[in-house]
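Numbering (UniProt numbering), first residue to last: 1 to 126. For reference, the structure is listed below as structure tokens.
Below, the structure written as structure tokens:
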């Protein structure tokens, strides 16, 4: 049996563009994509922290070190420039792979540069 686990995420990136009349996708700064391990054309989940909307699209590579997070096509109705988003991917893992898996987590600064990276999320305390 396979288990679907968080593969990677970019946490609290800021939307820089919302392009309704562009082919549907989400352009992500290439440096952020590489650090997180997101492949071009990979399915991504985008969770808008600002307005609570969630949608699925695919990643396209944005210019390296540009800070771009551009929500494109119909998804542009789901996010405004300045919104905080979490971008995540998932993968299917065997039991052995799942036991050894550590997600790639990239935490963004307000200008979409990298604040820090990690491979685990701290235990939530009550």
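Cβ atoms here follow ideal geometry from the backbone N, Cα and C, with glycine treated the same way. Please read these numbers as outputs of a predicted model, since none were measured by experiment.
Could you pull out every residue in the same chain whose Cβ sits closer than 7 Å to the Cβ of residue 50, ignoring the five residues on either side in sequence?
The count along the chain shown starts at 1 and reaches residue 50 at position 50. So the qualifying residues of the chain are 83, 84.
Would residue 31 and residue 65 qualify as a contact pair, given that the criterion is a beta-carbon distance under 9 Å?
Taking the chain shown and counting its residues from 1, one reaches residue 31 at position 31. Taking the chain shown and counting its residues from 1, one reaches residue 65 at position 65. Their beta carbons are under 9 Å apart, which means residue 31 touches residue 65 by this criterion.
Does the beta-carbon of residue 11 have 16 or more other beta-carbons within 10 angstroms, so that it is buried, or is it exposed?
Walking along the chain shown from the start, residue 11 turns up at place 11. Counting Cβ neighbours within 10 Å, residue 11 comes out buried, since at least 16 surround it.
Straight-line CA distance for residue 100 to residue 21?
Stepping through the chain shown from its first residue, residue 100 is reached at position 100. Stepping through the chain shown from its first residue, residue 21 is reached at position 21. Cα to Cα, the separation comes out at about 42 Å.
Go ahead and label residue 33 buried or exposed: buried means 16 or more other beta carbons lie within 10 angstroms of its beta carbon, across all protein chains shown.
Numbered from 1 along the chain shown, position 33 holds the residue referred to as residue 33. Its Cβ being crowded by 16 or more others within 10 Å, residue 33 is buried.
So, for residue 55: in the same chain, excluding its five sequence neighbours on each side, which residues have a beta-carbon less than 7 Å away from its beta-carbon?
Numbered from 1 along the chain shown, position 55 holds the residue referred to as residue 55. So the list reads 46, 75, 78, once near-sequence residues are dropped.
Among the residues of its own chain, which have a CB less than 8 Å from the CB of residue 111, if the five just before and after it don't count?
Position 111 of the chain shown, counting from 1, holds the residue named residue 111. These residues qualify, in order along the chain: 14, 67.
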